[in-house]
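In what follows, a structure is listed as structure tokens, so that the remarks can point back to it.
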Amino acid sequence: MRKTVAAVATGQTDHVSRRLDVGIPELVREAVDRCLETRELALADVDALVVGNMEMFEGINLVDHWLVDAIGAAGKPLWKLNNGGTVGSSIAICAYYLVASGYHRRVLAVGFEKQSEGSTQSAITTVGDPVWERAVMAGAIGNFAAMTSVYVDESGVTPEQAAKVAVKARRNAARNPHAHLKMPNLTVEEVLASDMLAYPVRKLDFCPSSDGACAVLFAAEEDASLLSPRPAWIHAAVTAHDQQYMGDSPKRLAEMRSLIEARRRGYAQAGIEDPVRDFDVAEIYEPATYAELAMYECLGFCEKGGGGRFIDAGVPEMDGALPVNPSGGVLSTNPVGATALIRVAEAAKQVMDEAGDHQVPNVKRALATGYGGNAWTDLLVLSTEKP
Amino acid sequence: MAGGAFIVGLGETAHAARRDDVNTTELAWEAVQEALADAGLELPDVGGAITASQDFWEGRTISSMAVNEIAGGTLKPESKVASDGALALMYAAARISTGHDSLLLVVAHCKESQADAHVVERAAFDVFLQRDLDPDETVAAALQAKLLGYGPELRARVVEAARSRSPWLEPLPDGAFAASAETASPLRELDRAPRMDGACALVLCDEETAGRLGRPRVRVAGCGNAAGPFWIDGDLTAAPAFRTALADALAQAGWGAPPEQLELSPPFAHQVLLLGGELGLGGPEDVAAAVESGRLLPTGGALAGRPTVVAGLSAAIACARRLRDEGGRARALAHGTTGLVGQSQHVLCLEAA
Chain C
45 MRKTVAAVAT GQTDHVSRRL DVGIPELVRE AVDRCLETRE LALADVDALV VGNMEMFEGI
105 NLVDHWLVDA IGAAGKPLWK LNNGGTVGSS IAICAYYLVA SGYHRRVLAV GFEKQSEGST
165 QSAITTVGDP VWERAVMAGA IGNFAAMTSV YVDESGVTPE QAAKVAVKAR RNAARNPHAH
225 LKMPNLTVEE VLASDMLAYP VRKLDFCPSS DGACAVLFAA EEDASLLSPR PAWIHAAVTA
285 HDQQYMGDSP KRLAEMRSLI EARRRGYAQA GIEDPVRDFD VAEIYEPATY AELAMYECLG
345 FCEKGGGGRF IDAGVPEMDG ALPVNPSGGV LSTNPVGATA LIRVAEAAKQ VMDEAGDHQV
405 PNVKRALATG YGGNAWTDLL VLSTEKP
Chain X
10 MAGGAFIVGL GETAHAARRD DVNTTELAWE AVQEALADAG LELPDVGGAI TASQDFWEGR
70 TISSMAVNEI AGGTLKPESK VASDGALALM YAAARISTGH DSLLLVVAHC KESQADAHVV
130 ERAAFDVFLQ RDLDPDETVA AALQAKLLGY GPELRARVVE AARSRSPWLE PLPDGAFAAS
190 AETASPLREL DRAPRMDGAC ALVLCDEETA GRLGRPRVRV AGCGNAAGPF WIDGDLTAAP
250 AFRTALADAL AQAGWGAPPE QLELSPPFAH QVLLLGGELG LGGPEDVAAA VESGRLLPTG
310 GALAGRPTVV AGLSAAIACA RRLRDEGGRA RALAHGTTGL VGQSQHVLCL EAA
């Protein structure tokens with residue numbers, strides 16, 4: 045019989061562009077300690093660990109094995125997943141399955157990246173097929189610019205509408221003590237005046253490169269209510285991937301079929317009929333402003349082509365009907381191996397009523413997504429109510 | 010554990026030192042096609058995939074990009090375990106047992122010929138204190154072998170017996186082990202598993218699907234997975250992670266003792282002798298005799314030419330083939346390992362069903 049599972053504790057570092065005061069093991073341990081300390085737990089209380097990191101970014105092979113002391117994994121089951129941008133949500137989903145299956149009772153998902161010690165864009169270039177794609181790849185930005193151009197053409201969204209996403213994210217981040225880019229007074233005009241990276245994506249349209257780590261403890265029903273006064277119960281944990289060649293995924297961002305498929309399955313599992321009505325908050329993996337607008341559409345928050353109008357109406361703002369990324373999102377914080385786990389952690393914090401200054405009032409149900417690889421999607425639904 | 014997970018399809022490439030005729034995707038596709046045919050399925054029947062590959066060996070970040078599509082992962086769940094293939098099988102079994110998934114492909118692949126093994130292995134050593142010494146896994150294993158003190162004759166017996174049962178490599182001629190070049194004292198070239206290219210695929214499903222497919226099936230009865238200390242921080246003459254993983258797998262399976270068939274996958278001969286002792290087979294002489302008799306490493310383990318990353322899943326496939334032939338309630342133990350000198354150990358209890 046399947047176990048009911050909840051996220052019961054979360055911990056994050058204070059994300060910045062360079063953490064020169066710590067090495068990778070210390071950075072990771074900081075998040076683990078912060079997670080366990082919230083429930084007065086010790087490493088001995090963890091039964092198994094799932095680690096997520098893009099090991100080519102920092103150039104450390106089998107990095108999870110190097111970190112066993114830092115994360116207290118010696119003598120325990122240790123899992124390592126590595127799926128690009130989705131890695132953080134993939135380890136959350138793996139932890140969910142390891143608990144739901146009855147293999148383990150308390151599983152700690154740990155994601156991290158110390159991008160200042162590596163060359164992320166060089167590593168991302170190796171994502172492409174070595175024969176057909178790699179020679180024309182140049183990191184993430186150009187790829188996004190190409191996808192964005194298609195989306196802009198299809199939807200008619202404007203740079204001003206995209207800039208509103210940037211303003212929302214950095215303003216929300218100012219209330220999140222862990223966020224990297226805090227810009228409480230950022231304006232649409234400043235976003236539009238920022239450097240052009242690759243048309244039509246400007247510097248402030250894009251996510252930063254962060255050093256940071258995140259840990260989330262998942263527990264089975266028999267432990268969850270003891271460990272947390274208000275567990276974030278997992279109602280759906282689904283994945284949908286797309287094909288390996290960029291050209292094989294028609295429209296990509298404009299019609300992100302992996303997100304649409306994950307939405308279909310995840311919403312069905314969790315009983316979501318009208319996402320704007322049924323969710324109280326969403327933490328979505330938006331690597332660029334235009335991506336968030338497209339994701340509003342693919343997640344069914346609004347009609348196709350309506351992403352721009354959705355933010356014009358203020359629906360995803362903190363005081364809107366469905367606040368999106370109260371934490372500041374990926375646009376404000378991006379330690380890649382942790383980024384999608386931060387979405388899960390932030391959604392869990394909202395459900396547990398532990399988000400502090402960026403808490404949305406009366407959250408009962410939250411959405412978290414991960415994005416990565418070739419337009420891949422993870423999607424989780426968390427709730428105050430036991431499934 | 011919740012519901013059960015059943016192996017109903019097996020596929021494996023003919024592992025070779027170099028497969029220059031295929032790229033990584035085509036290599037894995039060979040194994041996937043065979044597994045699907047064995048299960049009587051087509052790719053669209055697959056509900057998702059758990060893959061195993063390591064980016065450093067592939068020279069490609071998110072190395073599962075190469076196989077996601079041919080593993081049936083398009084618009085379906087695919088997750089990549091960056092460890093030995095045995096761990097991918099365990100994750101798939103966990104997912105199946107929850108009832109969320111009913112039929113998954115498990116795929117592991119590695120083309121060792123396309124990587125600089127020394128560079129890949131060196132990148133796993135401590136960044137601050139060890140890398141500048143330019144080590145690789147053979148150097149670490151040599152320190153372990155020196156501490157264990159098993160003589161060359163014993164290690165030669167293990168290697169020669171393993172190779173004699175290899176499905177992919179010719180048996181070694183007399184005196185080959187002694188004549189092979191010293192790599193890091195006391196190890197010789199033939200002490201370690203050969204560098205190989207290969208892929209494995211396995212179809213795993215729930216009991217209802219297994220019944221509907223009507224194919225010979227093998228149940229994943231128990232899974233054990235444990236990490237030990239970082240290689241230099243532990244006692245290299247002991248195998249605590251293997252002991253823990255073995256105990257957990259046996260307990261989950263409800264087995265009082267290891268079964269008769271033991272397909273271990275350590276990449277060095279002296280590690281076979283070490284782990285054989287942990288299995289209760291006796292001292293090193295007894296373990297070597299168990300290898301010669303075919304009880305231990307019945308198809309030769311990693312020493313018989315199982316590629317790194319692929320070895321544990323290949324061991325499970327070898328066990329499953331034999332269990333399907335034997336039928337009844339026959340049992341076998343399959344094993345994989347990840348990390349320097351076996352830091353992580355993965356043990357699977359498999360049973361004809």
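Protein chains in written order, with our numbering: chain C, 45 to 431; chain X, 10 to 362.
Even glycine gets a Cβ: it sits at the ideal position worked out from N, Cα and C.
Report task. With 8 Å as the limit, tell me which residues of the region 295-317 of chain C have their beta carbon closer than that to any beta carbon of chain X; keep them in chain order. Result -> Those residues of the region 295-317 of chain C placed with their C-beta closer than 8 Å to a C-beta in chain X are R301, S302, E305, ordered along the chain.
Report task. If I'm right that C/A264 touches C/V143 with Cβ under 8 Å, what's the distance once you round it to whole angstroms? Result -> Position 220 of the first sequence, counted from the start, is the residue given in the question as residue 264 of chain C. Position 99 of the first sequence, counted from the start, is the residue given in the question as residue 143 of chain C. Going by Cβ atoms, the distance from C/A264 to C/V143 rounds to 5 Å, so yes, they are a contact pair.
Requested in this report: Answer yes or no: does any C-beta atom of chain C fall closer than 8 Å to that of X/M74?
Outcome: The residue given as residue 74 of chain X occupies position 65 in the second sequence. It does: the Cβ of X/M74 has a partner Cβ on chain C nearer than 8 Å.
Query raised in the report: Whose Cβ in chain C lies nearer than 9 Å to the Cβ of X/V129?
Result: As a working note, residue 129 of chain X is residue 120 in the second sequence. Within chain C, the residues near X/V129 are N105.
**Report entry** Contained alpha helix (DSSP H) runs [length at least 4] in the region 111-184 of chain C, N- to C-terminal order
**Finding:** Segments of the alpha helix (DSSP H) lying fully in the region 111-184 of chain C: 112-115, 131-144, 164-169.
Query raised in the report: How about X/L357: is its C-beta nearer than 8 Å to some C-beta of chain C?
Result: For the purposes of this step, residue 357 of chain X is taken as residue 348 along the second sequence, with counting starting at 1. Answer no: the Cβ-Cβ gap between X/L357 and chain C never drops below 8 Å.
Query raised in the report: Which same chain residues, not among the five before or five after C/S238, have their C-beta less than 7 Å away from its C-beta?
Result: To locate residue 238 of chain C, count along the first sequence from 1; it is residue 194. So the qualifying residues of the chain are R246, K247, L248.
Query raised in the report: Using 8 Å as the limit for Cβ to Cβ distance, is X/T107 near chain C?
Result: Mapped onto the second sequence, residue 107 of chain X falls at position 98. X/T107 has a beta carbon lying within less than 8 Å of a beta carbon in chain C.
**Report entry** Euclidean distance between Cα positions of C/D267 and C/S160
**Finding:** Start at 1 with the first residue of the first sequence, and residue 267 of chain C comes out as number 223. Start at 1 with the first residue of the first sequence, and residue 160 of chain C comes out as number 116. For C/D267 and C/S160, the distance between alpha carbons rounds to 38 Å.
Query raised in the report: Based on the DSSP output, what are the partners of C/S427 in its beta bridges?
Result: Residue mapping note: residue 427 of chain C aligns to position 383 of the first sequence, counting from 1. Per DSSP, C/W277, C/R409.
**Report entry** Minimum C-alpha distance to C/C138 - residue among C/V282, C/T202, C/G372
**Finding:** The count along the first sequence starts at 1 and reaches residue 138 of chain C at position 94. With distances taken between CA atoms, C/C138 lies nearest to C/V282 out of C/V282, C/T202, C/G372.
Query raised in the report: X/G345: which of X/D244, X/N234, X/A297 sits nearest, CA to CA?
Result: Position 336 of the second sequence holds residue 345 of chain X. Nearest of X/D244, X/N234, X/A297 to X/G345, Cα basis: X/N234.
Query raised in the report: Pick from C/F250, C/E198, C/T170: whose alpha carbon is nearest that of C/A11?
Result: For residue 11 of chain C there is no data in the structure shown, the boundaries of chain C being 45 and 431.
Requested in this report: With DSSP as the reference, label X/A329 as helix, strand or coil.
Outcome: Looking up residue 329 of chain X in the second sequence gives position 320. Note: X/A329 maps to helix in three-state DSSP.
Report task. Kindly indicate the opening and closing residues of the alpha helix (DSSP H) around C/A268. Result -> Walking along the first sequence from the start, residue 268 of chain C turns up at place 224. It spans 265-271 - the alpha helix (DSSP H) in which C/A268 sits, taken as one unbroken run.
Query raised in the report: What residue ranges within the region 57-110 of chain C form continuous alpha helix (DSSP H) runs of no fewer than 4 residues, ordered along the chain?
Result: As far as the region 57-110 of chain C is concerned, its whole alpha helix (DSSP H) runs of at least 4 residues are 68-81, 99-102, 107-110.
Query raised in the report: Helix, strand or coil: which one does DSSP assign to C/Y415?
Result: Translated into positions along the first sequence, residue 415 of chain C becomes position 371. Judged by DSSP in its simplified three-state form, C/Y415 adopts strand.
Requested in this report: State the start and end residues of the unbroken beta strand (DSSP E) segment that holds X/S353.
Outcome: For this step, residue 353 of chain X is matched to residue 344 along the second sequence. 353-361 is the span of the beta strand (DSSP E), which, as asked, contains X/S353.
Query raised in the report: Roughly how many angstroms separate the alpha carbons of C/R274 and C/T428, rounded to a whole number?
Result: Translated into the one-based positions of the first sequence, residue 274 of chain C becomes position 230. Translated into the one-based positions of the first sequence, residue 428 of chain C becomes position 384. It is roughly 7 Å from the alpha-carbon of C/R274 to the alpha-carbon of C/T428.
Query - Contacts around C/W420, its chain only, beta-carbon distance under 6 Å, and the 5 residues preceding and following it disregarded - result: Mapped onto the first sequence, residue 420 of chain C falls at position 376. Closer than 6 Å at Cβ, skipping near neighbours: T130, H285, S302.
Query raised in the report: For the 8 Å Cβ check, are there 3 or more pairs between the region 203-214 of chain X and the region 319-328 of chain X?
Result: A contact exists between the region 203-214 of chain X and the region 319-328 of chain X.
Query raised in the report: Candidates X/G321, X/G57, X/K120, X/D257: which alpha carbon is nearest X/D206's?
Result: The count along the second sequence starts at 1 and reaches residue 206 of chain X at position 197. By alpha-carbon distance to X/D206, the top candidate from X/G321, X/G57, X/K120, X/D257 is X/K120.
Query raised in the report: Are at least three pairs of beta-carbons, each pair with one atom in the region 339-351 of chain C and one in the region 84-94 of chain C, less than 8 Å apart?
Result: When C-beta atoms of the region 339-351 of chain C are compared with those of the region 84-94 of chain C, fewer than three pairs fall below 8 Å, so the two segments do not count as touching.
**Report entry** Integer Cβ distance of X/D47 from X/G18, believed to fall under 8 Å
**Finding:** In the second sequence, the residue the question calls residue 47 of chain X occupies position 38. In the second sequence, the residue the question calls residue 18 of chain X occupies position 9. Taking a contact as a CB-CB distance under 8 Å, the pair X/D47 and X/G18 counts as one, their CB atoms being some 4 Å apart.
Requested in this report: Below 8 Å CB to CB, which residues in the same chain sit around C/N406 once its five sequence neighbours on both sides are set aside?
Outcome: For the purposes of this step, residue 406 of chain C is taken as residue 362 along the first sequence, with counting starting at 1. Excluding the 5 residues flanking it on each side, C/N406 has same chain C-beta neighbours closer than 8 Å at D324, in chain order.
Query - Beta-carbon neighbours of X/V136, restricted to chain C and to distances below 7 Å - result: By one-based count along the second sequence, residue 136 of chain X stands at place 127. For X/V136, the residues of chain C that pass the 7 Å Cβ criterion are I104, in the order they occur in the chain.
Requested in this report: Compile a chain-ordered list of the residues in the region 262-294 of chain C whose CB is closer than 9 Å to at least one CB of chain X.
Outcome: Residues of the region 262-294 of chain C with a C-beta less than 9 Å from any C-beta of chain X: A281, V282, T283, A284, H285, D286, Q287, Q288, Y289, D292, listed in chain order.
Query raised in the report: X/L255 touches chain C at which residues, Cβ-Cβ below 8 Å?
Result: Along the second sequence, one-based indexing puts residue 255 of chain X at 246. Those do not exist, as X/L255 stays about 13 Å from chain C at its closest Cβ, beyond 8 Å.
Query raised in the report: Could you give the C-beta distance for X/V116 and X/A58, rounded to a whole number, given that I count them as a contact under 8 Å?
Result: Position 107 of the second sequence, counted from the first residue, corresponds to residue 116 of chain X. Position 49 of the second sequence, counted from the first residue, corresponds to residue 58 of chain X. Between X/V116 and X/A58 the beta-carbon gap is near 6 Å, inside 8 Å, which marks them as a contact.
Requested in this report: Grab me the residues of X/E169's own chain with a C-beta within less than 6 Å of its C-beta, minus the 5 sequence neighbours each way, in chain order.
Outcome: In the second sequence, counting from the first residue as 1, residue 169 of chain X sits at position 160. L181, listed in sequence order.
Query - Backbone CA spacing between X/F15 and X/G56 [nearest angstrom] - result: For the purposes of this step, residue 15 of chain X is identified with residue 6 of the second sequence, where counting begins at 1. For the purposes of this step, residue 56 of chain X is identified with residue 47 of the second sequence, where counting begins at 1. If you draw a straight line from the Cα of X/F15 to the Cα of X/G56, it comes to about 15 Å.
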